[in-house]
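This note's numbering numbers the first residue of the sequence shown as 887 and each following residue consecutively.
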Amino acid sequence: MSLLVQKFGGTSVADAEKILAAARRAIQAHQRGQQVLVVVSARGHTTDELVEMAKEITAYPPAREMDMLLSTGEQISVALMAMAIQALGVPAISFTGAQIGLVTDSFHTKARIRNISTDRMVQALGEGKIVIVAGFQGIDENYNITTLGRGGSDTTAVALAAVLGADACEIYTDVDGVYTTDPRVVPEARKIDRISYDEMLELASLGAGVMHSRSIEFAKKYDVPIHVRSSFSDAPGTWIVAEADAKRLGVTVTGAALAKDEARITILGAPDRPGIVHSLFHTIAANNIVVDMIVQNVATEGTTEVSFTVATGDLAETILAAEAAAKAIGAQAVTHKAEVAKVSVVGLGMRTHTGVATMMFEALALEGINIEMITTSEIKISVLVDRPIAAEALRAVHRAFGLEGWENSVEAPFTLEKSRVRTKRLTADAVNGSSATPSTPPPGMEELVISGVELDESQGRVTLFDVPDQPGYAGRVFRKIAEAGIFVDMIVQNISTSGKTHLSFTVPSGSAERAAEVAKGEGPGKVSLEPKIAKLSVLGVGMRTHTGVATRMFGALAAKGINIALINTSEVRINVATDSSRGREALQCLRETFALPEE
Ligand code: ADP
Ligand code: ASP
Ligand code: MG
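Written as structure tokens, this is what we have:
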């Protein structure tokens, strides 16, 4: 029998009327003949209120007790939902995370799922009951209650859909889908009818709060189609699906996002030697700090600048760790800026289109907005700007890509039937060769998956030194490059020191000389050309939320004495550029580090 998982967020269960409306939705699916599993969040602002309650007692509540407290919000919701469904005449049963054996690690307030035992849910579903499960919570090996981090009910829902082999996971929320950007910040934003896992992973981790990014990691790993839709209407929402189903013709940029809560740290005058970035990020990771954007560009006179961003709340701790690391590596100084924000655009179409970067930089320049840092990946471009003007920057970029004028109606609405066969689903067949009972997933469900390492030897690198740190410069350079028909891959710009900065980018080797010529025409400073570089990438799921992947990559290269000239990070890959002569060796060393077979 087919199974549907439905998740109702806080606003969707805020009062009795809404709980009854959600109950009716579950019943409708049940009456269509599906098995139904419902995941619920805490009602309305309950979780925020619980956080406040703890703060009234102490500024430093112990994480274990915080989880004990926060988990109560979801427990209220499941009981009320089960009562509502039963009151409407359908059998239902509620479970806490502990009762379904949702086992996590012991990192209170940010626990990761290790295992889920499906027996109790399967039995209740088999008895014809609608099963209601508390989102966001689990237990560790010692039966301590844990929570998955704010917004974590999405992750519970998608994880349950994965282990039970559900047809789809419906996420009911207060917007009717995933929009081109947060509609609360940009009211002109449009609903996206379908989006790929990778695009959604990037958007969610770049600030689109509509989905918990770890839920998309599950969806991608186990190929669970997600339908994000409104609790308050029947309109079709947004399908988050595999790439083959998500491609839209002629669309280069799918969405834009803003992460406001960023702080920047820069290590000035770091010696340009193998092992330096490793030693730096090793110290940061040892302090359990999640690093977001990492930018390092080409060295001058034997030293380089490395910048990275962290959540503002982690700034004080990061400065201490960075200062210790800087001292250890013999860097000159550490600087920081607390009030910054990251604006990003994401789209699969960027892989094959030139000029996306140009459009973004020009849009910002037109508003007089200065770009502090740039980092790119295959499907996203992120820039760091001053926080007070960040919303304005987001609006400018959103407008520049015509996202508000997007007509979804041009194409027929997506339906699940069109979806290709989902091979990666954790069905019983896949695990034990029988289709009679759903499966138990392998332990460590949320463990990092490194899917591959890649070597690209087809590119060269151009660096513009001492470019003025003013709005408009990057836009002008990349306009000229795009006009010359040259496809730009990685772009890296670090923060400026004394009003000047360096801008590096990679292009196909055959075009590198011409790109350098074009760039020369734009710059007051020196232009350097490396006609051939080796670009090495580590690809995977959950890269950014697992601190330490970059550290392992940098550490492995350092151990071989391979110097890193450029770094670019994203949610789905980490790219570095090294000397072309070391490419093969670096590839081999990364394969060994991440235990990947030879191809
Ligand atoms: P729930 O409580 O249902 O989990 P959330 O508040 O977590 O709901 O997520 C929904 C909110 O996410 C929306 O109200 C919206 O303001 C915000 N949001 C941010 N980015 C986007 C986006 N790109 N598309 C839709 N909503 C977004
Ligand atoms: N109730 C939790 C929170 O507010 C989990 C969730 O809503 O997903 O963060
Ligand atoms: Mg949410």
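C-beta atoms are modelled at their ideal positions from N, C-alpha and C, and glycine is treated no differently. On a predicted model such as this, the values are computed, not experimentally measured, just so you know.
For residue 1211, I'd like the list of residues in its chain whose CB is within less than 6 Å of its CB, leaving aside the five on either flank, ordered along the chain. In the sequence shown, counting from the first residue as 1, residue 1211 sits at position 325. Closer than 6 Å at the Cβ level, and outside the excluded window around residue 1211, lie 1166, 1169.
Contact with chain D by residue 1397, beta-carbon distance below 9 Å: The displayed structure is made up of one protein chain only, and chain D is not part of it.
Should residue 1257 and residue 1360 be called a contact, given that it needs their Cβ atoms to be closer than 9 Å? Position 371 of the sequence shown, counted from the first residue, corresponds to residue 1257. Position 474 of the sequence shown, counted from the first residue, corresponds to residue 1360. By the CB criterion at 9 Å, residue 1257 and residue 1360 fall inside the cutoff.
Taking 9 Å as the cut-off, decide whether the C-beta atoms of residue 1217 and residue 1160 are in contact. Against the sequence shown, residue 1217 aligns to sequence position 331. Against the sequence shown, residue 1160 aligns to sequence position 274. In this structure, residue 1217 sits away from residue 1160, with a CB-CB distance that is not shorter than 9 Å.
Would you check if the distance between the CB atom of residue 1142 and the CB atom of residue 1066 is smaller than 9 Å? If you number the sequence shown from 1, residue 1142 lands on position 256. If you number the sequence shown from 1, residue 1066 lands on position 180. Yes, the Cβ-Cβ distance between residue 1142 and residue 1066 is below 9 Å.
Below 8 Å, how does it come out for the region 1331 to 1348 and the region 1394 to 1401: are there three or more Cβ pairs, yes or no? Touching, yes.
Taking the Cβ atom as the reference point for each residue, do residue 1267 and residue 1282 lie within a distance shorter than 9 Å? As a position in the sequence shown, residue 1267 is number 381, starting the count at 1. As a position in the sequence shown, residue 1282 is number 396, starting the count at 1. Going by C-beta atoms, residue 1267 is not nearer than 9 Å to residue 1282.
Separation of residue 1010 from residue 1319, as counted between CA atoms: Stepping through the sequence shown from its first residue, residue 1319 is reached at position 433. Stepping through the sequence shown from its first residue, residue 1010 is reached at position 124. Confidence at residue 1319 is low in this model, with a pLDDT of 33, below 50, so its placement is unreliable and no value can be given for it.
Contained alpha helix (DSSP H) runs [length at least 4] in the region 1044 to 1095, N- to C-terminal order: The qualifying runs are 1083 to 1091.
Quick check on residue 1425: does DSSP put it in helix, strand or coil? Counted from its first residue, the sequence shown places residue 1425 at position 539. Three-state DSSP puts residue 1425 in a strand.
Segment contact, 8 Å Cβ cut-off, at least three pairs: the region 965 to 984 with the region 903 to 919: Judged by Cβ distances under 8 Å, the region 965 to 984 makes contact with the region 903 to 919, as three or more pairs qualify.
Got a list of residues with beta-carbon closer than 5 Å to any non-hydrogen atom of the ligand ADP, in chain order? Output, sorted by chain position: 895, 896, 1059, 1060, 1061, 1064, 1065, 1068, 1070, 1094, 1095, 1096.
Going by C-alpha distance, which of 1484, 1418, 1227 is nearest residue 1337? The residue labelled residue 1337 in the question sits at position 451 within the sequence shown. Comparing Cα positions, the closest option is 1484.
Residues in the same chain with beta-carbon distance under 6 Å from residue 1385, minus the five sequence neighbours each way, listed in chain order, please. Indexing the sequence shown from 1 puts residue 1385 at position 499. Once the five neighbours on either side are set aside, the close Cβ partners of residue 1385 are 1355.
What would DSSP say about residue 1235, mapped onto helix, strand or coil? By one-based count along the sequence shown, residue 1235 stands at place 349. The answer is helix: DSSP assigns residue 1235 an H, G or I state.
DSSP has residue 1340 in a bridge; who is on the other side? Sequence index remark: in the sequence shown, residue 1340 carries index 454 (1-based). BP columns for residue 1340 point to 1423.
Just how far apart, CA to CA, sit residue 920 and residue 1127? Here residue 920 corresponds to residue number 34 of the sequence shown, with the count starting at 1. Here residue 1127 corresponds to residue number 241 of the sequence shown, with the count starting at 1. Rounded to whole angstroms, residue 920 to residue 1127 spans 21 Å at the Cα level.
For a quick check, are the C-beta atoms of residue 1436 and residue 1464 less than 9 Å apart? Here residue 1436 is taken as the residue at index 550 of the sequence shown, counted from 1. Here residue 1464 is taken as the residue at index 578 of the sequence shown, counted from 1. No, the Cβ-Cβ distance between residue 1436 and residue 1464 is not below 9 Å.
Extent of the continuous alpha helix (DSSP H) run through residue 911: By 1-based counting over the sequence shown, the position of residue 911 is 25. Where residue 911 is concerned, the enclosing alpha helix (DSSP H) stretches over 902 to 917.
Threshold first: 3 residues or longer. Then list the beta strand (DSSP E) segments lying entirely within the region 1239 to 1274, N to C. Under the rule that a run must span 3 or more residues, the beta strand (DSSP E) segments found entirely inside the region 1239 to 1274 read 1259 to 1263, 1266 to 1272.
Contacting residues, own chain, Cβ-Cβ under 6 Å from residue 1180 (five flanking each side not counted): Here residue 1180 corresponds to residue number 294 of the sequence shown, with the count starting at 1. Closer than 6 Å at Cβ, skipping near neighbours: 1194, 1453, 1455.
When the Cα of residue 1184 is compared with those of 1350, 1265, 1047, 1088, which residue comes out closest? Here residue 1184 corresponds to residue number 298 of the sequence shown, with the count starting at 1. Ranking the options by Cα distance to residue 1184, first place goes to 1350.
State the Cα-Cα distance for the pair residue 1475 and residue 1482, rounded to the nearest angstrom. The sequence position of residue 1475 within the sequence shown is 589, counting from 1. The sequence position of residue 1482 within the sequence shown is 596, counting from 1. Taking the Cα positions, residue 1475 is about 10 Å away from residue 1482.
Within 10 angstroms of the Cβ of residue 1324, are there 16 or more other Cβ atoms? Answer buried if so, exposed if not. Position 438 of the sequence shown, counting from 1, holds the residue named residue 1324. Any reading at residue 1324 is ruled out, since the residue's pLDDT is 37, under 50, leaving its predicted position unreliable.
Please classify residue 1136 as buried or exposed, where buried requires at least 16 neighbouring CB atoms within 10 angstroms. Working through the sequence shown from its first residue, we reach residue 1136 at position 250. Counting Cβ neighbours within 10 Å, residue 1136 comes out exposed, since fewer than 16 surround it.
Assuming residue 1175 contacts residue 1209 (C-beta within less than 8 Å), just tell me the rounded distance between them. Position 289 of the sequence shown, counting from 1, holds the residue named residue 1175. Position 323 of the sequence shown, counting from 1, holds the residue named residue 1209. With a contact defined as Cβ atoms closer than 8 Å, residue 1175 and residue 1209 miss out at about 13 Å.
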